[in-house]
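Input: a single structure, listed below in structure tokens.
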Amino acid sequence: MSEPVQVTPSQATPKTTKAQRLVGVKGMNDILPPDSARWEWLETQVRALMARYAYRNVRLPIVEPTALFVRGLGEVTDIVEKEMYSFEDRLNGEQLTLRPEGTAGLVRAVVEHNLLYEGGKRLYYMGPMFRHERPQRGRYRQFHQIGAEVLGFGGPEVDAELILLANDLWKELGLKDVRLELNSLGQPAERQAHRAALIAHLEQHSDVLDEEAKRRLHSNPLRILDTKNPAMQSVVESAPRLLDFLGEASLAHFTAVKAILDANGVAYSINPRLVRGMDYYNLTVFEFITTSLGAQGTICGGGRYDYLVEQIGGKPSPAVGWALGVERVLELIKEQGEALPELAPDVYAIIPETAALPVAMQVLQALRAQGVTAQMHAGSGEGMGSMKSQFKKADASGARFALVFGAEELAQGRVAVKSLRDGAGAQRTESLATAADWAHSLQSSL
Ligand code: ATP
Ligand code: MG
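For the sequence shown, this note's numbering gives the first residue as -2, with consecutive numbering after it.
Given below as structure tokens:
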């Protein structure tokens, strides 16, 4: 047990010195109104679409044992080598990591709760991920992913279903300028044969390999194909293609995925160098890419990972999935000039005197119960403020109507309803007792 921290009275109540302002962690963003409305809107679209495909939601811990990611993603990967927020829990010595991605944790949960006991599962998740990368546009240290994963089915039809699902999402969100790249990584034995050819090719060009590539040449040469180093692009482009090493079964799987996409009018291009950032993939891998976001153009990536369940200690089971980067998708929506969802309330309540508060708030409750969005003017603690300043706030809120709870109207059991937008200034009064009846006249969507 650690000693309790001693707080001296002067520390507890700093009266004379101004407290030093603390700022958030670099690369970890606050998501605030009005932007947060876009996030909520996106999440709503995703939930509805997942339901239509019969995918079920899972909510998993943000912290997992470090060993899960080291074993699951592979030791020689960017994430495990240099991007993880790993720490020791001071209180019990456990080695823990803030999740850098969602698949390993999901597979851990599926195995731990024996979810595949009665057959395959279609699942999805949303939430924050953490990677210690250099913050820049589209690349943050805390970012958010939405992921879809299907476990327990080995056929190409679920690979295709997942791609159709993502493709539908882009349509639903109105995204233009998104293209699909596909590749097949084959099976471990096929990769083994390709590996020898790849190493030989890379060794011939060892003069252009960077330090990282030299280090990975014998531990994980395939990973070198994923390099972002411009100086290495030509040697990577001329490398032996894994696709040429695939056997009949792998090719048949790939062909079947493509046939379903063709039949459904989903355009794609084959990128033989697409390998993805984690070691757990086999057979189909894919990325959705846009040219509208600069260097950080991949909005979604995924593929099949038939050996991960076993690697994490479960009974062998095939699986396939994808994850999209929420920030990048939202940035693309913004880039395309999509308007923000409407945030303005239907009504703003103007309350000249504090004495009117109880009855005003009763009326607002009755309106809200009918689905009216209502914002109440709140005072400073010393009265409600002038009518002029209250009307200013009402205008700034964007509300369609002001409800004015003036003493004169209240005495007659009524409230004034003043139009602030269409036909601004038009005014009528309504009965305090029957708010449920006139509520609908305040709503734009009815
Ligand atoms: P990149 O090549 O851009 O580093 P990645 O291959 O590391 O991406 P994945 O692990 O496949 O990314 O994650 C899926 C998606 O999550 C990416 O396509 C991207 O949209 C998003 N993503 C990944 N890392 C970040 C990050 N640091 N900040 C914001 N979004 C990210
Ligand atoms: Mg990355």
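Built from N, CA and C at the ideal position, the CB exists for glycine as well.
Rounded to whole angstroms, what's the CA-CA distance from residue i to residue j? Just pull it up for me.
i: ALA236; j: LEU199; result: 8 Å
i: SER441; j: TRP38; result: 19 Å
i: ILE330; j: ALA352; result: 47 Å
i: VAL474; j: GLU61; result: Since the displayed the chain opens at -2 and closes at 443, residue 474 lies outside it and no answer follows.
i: ALA430; j: ALA423; result: 22 Å
i: LEU260; j: ALA157; result: Per the sequence presented here, residue 260 reads as Ala, with Leu not at that position. When rounded, the distance between both Cα atoms is 11 Å.
i: SER247; j: GLY183; result: 6 Å
i: MET373; j: ILE28; result: 24 Å
i: ARG220; j: VAL205; result: 16 Å
i: GLN308; j: LYS23; result: 34 Å
i: GLY368; j: GLN359; result: 15 Å
i: MET(-2); j: LEU88; result: Model confidence at MET(-2) stands at a pLDDT of 45, short of 50, so the residue's coordinates are unreliable and nothing is read from them.
i: THR94; j: LYS225; result: 26 Å
i: SER383; j: ARG365; result: 26 Å
i: ALA194; j: ALA186; result: 13 Å
i: VAL147; j: TRP435; result: 49 Å
i: LEU239; j: ARG119; result: 29 Å
i: LEU446; j: LEU112; result: One cannot answer for residue 446 here, as it falls past the ends of the chain, which runs -2 to 443.
i: PRO338; j: ARG397; result: 16 Å
i: LEU443; j: HIS437; result: Confidence at LEU443 is low in this model, with a pLDDT of 44, below 50, so its placement is unreliable and no value can be given for it.
i: ARG49; j: SER314; result: 25 Å
For residue i, name the three-state secondary structure that DSSP assigns.
i: ARG418; result: coil
i: GLY69; result: helix
i: VAL272; result: coil
i: MET512; result: Residue 512 cannot be examined here, being either before or after the span of the chain that is shown, -2 to 443.
i: ALA399; result: strand
i: MET25; result: strand
i: THR224; result: coil
i: ILE59; result: coil
i: THR94; result: strand
i: ILE309; result: coil
Can you name the start and end residues of the beta strand (DSSP E) that residue i belongs to?
i: LEU195; result: LEU195 -> not in any beta strand (DSSP E); alpha helix (DSSP H) instead, spanning 185 to 201.
i: VAL124; result: One point to set straight first is that residue 124 is Gly, not Val, in the sequence displayed. Start and end: 118 to 127.
i: THR74; result: No beta strand (DSSP E) holds THR74; DSSP gives it neither H nor E.
i: ASN180; result: 175 to 181
i: VAL344; result: 344 to 347
i: SER83; result: 82 to 85
Return the Cβ separation of residue i and residue j in integer angstroms, given the expectation that the two are a contact with Cβ distance under 8 Å.
i: GLY300; j: THR281; result: 5 Å
i: ALA346; j: ALA371; result: 6 Å
i: GLY318; j: THR100; result: 6 Å
i: TRP271; j: ASN180; result: The sequence given here places Leu at residue 271; Trp does not occur at that position. Going by Cβ atoms, the distance from LEU271 to ASN180 rounds to 4 Å, so yes, they are a contact pair.
i: HIS129; j: ARG136; result: Contact flag wrong, Cβ pair sits at about 11 Å.
i: ARG176; j: ILE286; result: 6 Å
i: PRO349; j: GLY403; result: 6 Å
Need the endpoints of the alpha helix (DSSP H) that residue i sits in, please.
i: PHE242; result: Per DSSP, PHE242 belongs to no alpha helix (DSSP H) and is neither H nor E.
i: PHE388; result: 384 to 394
i: MET47; result: 32 to 49
i: GLY330; result: A quick correction: the sequence has Ile, not Gly, at residue 330. From DSSP, the alpha helix (DSSP H) with ILE330 extends over 323 to 332.
i: PRO218; result: 218 to 221
i: LEU407; result: 404 to 408
i: VAL360; result: 354 to 366
i: GLY102; result: 100 to 109
i: PRO153; result: 153 to 169
How about residue i and residue j: are their beta carbons less than 8 Å apart?
i: ALA16; j: VAL55; result: no
i: LEU305; j: VAL344; result: no
i: ARG96; j: GLY90; result: no
i: SER216; j: VAL67; result: no
i: ASP75; j: GLY294; result: no
i: SER83; j: GLU178; result: no
i: LEU321; j: GLN42; result: no
i: TYR52; j: ALA190; result: no
i: LEU340; j: ALA64; result: no
i: TYR122; j: LEU57; result: yes
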